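Novice:
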Amino acid sequence: MINDRLLDSVAQYMRIFYTYQLVTLIVLKREGDWEGAA
1 MINDRLLDSV AQYMRIFYTY QLVTLIVLKR EGDWEGAA
């Protein structure tokens with residue numbers, strides 16, 4: 001049986017990781033657009 005607290009910790013980590021990946025993609029895309037425009 002899985003501990004609810006452990007499950008919550010994993011869910012929180014996944015949300016943080018997903019948000020970080022999304023921000024990283026946006027930043028890289030914007031930097032790429034700036035390089036293309038320069």
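Heads up: the sequence shown at position 6 corresponds to 6 in UniProt numbering, and the numbers run straight through without jumps. Glycine is no exception: its CB is placed at the ideal position from the N, C-alpha and C atoms. Note that the coordinates shown come from a computational prediction; the quantities given were computed from them, not determined experimentally.
What three-state label does DSSP hand Ile26 in the structure shown?
Specialist: The count along the sequence shown starts at 1 and reaches residue 26 at position 26. Reduced to three states, the DSSP call for Ile26 is helix.
Novice: Rounded to the nearest angstrom, what separates Gln12 and Leu6 at their Cα positions?
Specialist: By 1-based counting over the sequence shown, the position of residue 12 is 12. By 1-based counting over the sequence shown, the position of residue 6 is 6. Taking the straight line joining both Cα atoms gives about 10 Å.
Novice: Alpha carbon to alpha carbon, what distance is there between Thr19 and Asp4?
Specialist: Translated into positions along the sequence shown, residue 4 becomes position 4. Translated into positions along the sequence shown, residue 19 becomes position 19. Answer to the nearest angstrom: the Cα atoms are 23 Å apart.
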